[in-house]
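Okay, so here's the structure we're looking at.
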Amino acid sequence: MIDITDVQKVLNDEPNENTICYEYELRPAIIVSDIKKLANITSDYGYIFNGVLKASDRYIINGLSNGYIIKNTVQKALELLTVKPKVEYDSVVINGKTIYVIKVYHISEGTSLLTDELESETIKKFIDVLYKICVKLQGNSKYIDASEDERNDYIRDMLDREEEYVIKDQTRRGLSASGASAGEIDILVEKENYPFTVIEALILKSLNKDYLSKHLDKIYSYDTTGNLFNVCLVYAECKEFASFWERYCDFVKQHEYPYPLISSDESINQKYIGSE
């Protein structure tokens, strides 16, 4: 049961990351992504509003026509999840306008809604493939002093040999860093005719924080479909890699992303062994 008093309080406050607003969006495939996101926030719960726009400093209530059964959307969205959070939903009237509200509660610690088991295995498989390609790249003397584009070409060509992926490079997609026009993705990977992941690559001789931040942020501009995961691929040319890796991990945990950072996992250290 939606508490209308709490909804009014939220809508009277300044916009925050615990609310997702749509003028009109009731497709289960979209709503399920929002449910995943809100279920992993640090607060106790978050809201998805339909019929509400989010400005920089306030919410704008436009409302929708009454009569839509929000239950159908929510139930179909939850069917897409292996782990289901507690969700409440209803239509409420604010200032004479009907809006549709979905309240998503934070899931218990140690539980993740980012991916289900099948999705997780699909991602792990791709990371394994990419890792093996990177090992081959590192062992090829031709690429010791190669440019970023030359290394990207190698990664792209090797990925293209994998039958389940379709690889596209320098694809114009999303927004540029300025937001004015489409930018160029280093590598776009498609799977089953849909975007699967974006690979944004860069060369780092040291921890250039401004340069790294720019590339991390570019990924969000290029990912126009909301991929389950994307890759920031660093060609590290530093002398002390162990020290670089430690500082790199600390930096990406502290970086301010467009969405809340859910967790940081460095267990890849134990899986992929080698000299630094």
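Residue 142 in the numbering used here sits at position 139 of the sequence shown, and the numbers go up by one each step. All residues carry an ideal CB built from backbone N, CA and C; glycine is no exception.
Distance from the CA of Asn230 to the CA of Phe199, rounded to the nearest whole angstrom, comes to 6 Å. Excluding residues up to 5 positions away in sequence, Pro18 and Cys24 lie with their Cβ nearer than 6 Å to the Cβ of Lys57 in the same chain.
Taking every protein chain shown into account, the CB of Val138 has fewer than 16 other CB atoms within 10 angstroms, so this residue is exposed. By the criterion of a C-beta distance shorter than 7 Å, Lys212 is surrounded in its chain by Phe254, once the five residues flanking it on both sides are discounted.
It is roughly 29 Å from the alpha-carbon of Gly49 to the alpha-carbon of Cys235.
Around the beta carbon of Pro88, 16 or more other beta carbons lie within 10 angstroms, which makes this residue buried.
Just so you know, the alpha carbons of Thr76 and Ala42 end up roughly 17 Å apart.
Taking C-beta atoms as the reference points, Glu165 and Val132 count as a pair closer than 8 Å.
Pairing Ile97 with Leu215 gives a Cβ-Cβ distance that is not under 8 Å. Taking C-beta atoms under 8 Å as the contact rule, Ile136 and Met161 qualify, at a distance of about 4 Å.
Note on Gly54: 16 or more other CB atoms within 10 angstroms of its CB, so buried under the neighbour-count rule.
Remark: C-beta atoms of Leu191 and Lys171 approach each other more closely than 8 Å. Here Leu207 carries a strand assignment [DSSP, helix/strand/coil]. Secondary-structure assignment with DSSP links Gly49 through a beta bridge to Val107. Inclusion of Asn155 and Lys100 in the CB contact set at 8 Å is not warranted, their separation being larger than that value. Rounded to the nearest whole angstrom, the CA to CA distance from Asp93 to Ala204 is 44 Å.
Bridge partners of Ile158 according to DSSP: none are assigned. In the assembly as shown, Leu29 is a buried residue. Its beta-carbon has 16 or more other beta-carbons within 10 Å.
Per DSSP, Val35 lies in no beta strand (DSSP E) segment; the continuous alpha helix (DSSP H) that holds it begins and ends at Pro31 to Ala42. DSSP lists Val104 as the bridge partner or partners of Asp93. In the DSSP annotation of this structure, the continuous segment of the alpha helix (DSSP H) that includes Tyr225 starts and ends at Lys212 to Tyr225. In the three-state scheme derived from DSSP, where H, G and I count as helix and E and B as strand, Cys241 is classed as coil. Per DSSP, Val13 is one residue of the alpha helix (DSSP H) stretching across Ile7 to Asn15. Assigned with DSSP and collapsed to three states, Leu81 falls in helix. In this structure, Tyr262 lies near Lys40, with their beta-carbon atoms less than 8 Å apart. The closest CA to that of Tyr238, considering only Tyr225, Leu207 and Ile222, is found on Leu207. Apart from sequence neighbours up to five positions away, the residues of its chain that approach Asp60 with a beta-carbon distance below 8 Å are Glu17 and Pro18, ordered along the chain. With respect to the 8 Å criterion, Val10 and Val107 are not classified as neighbours on the basis of their beta carbons. According to the DSSP assignment, Val55 belongs to the beta strand (DSSP E) that extends over Val55 to Lys57.
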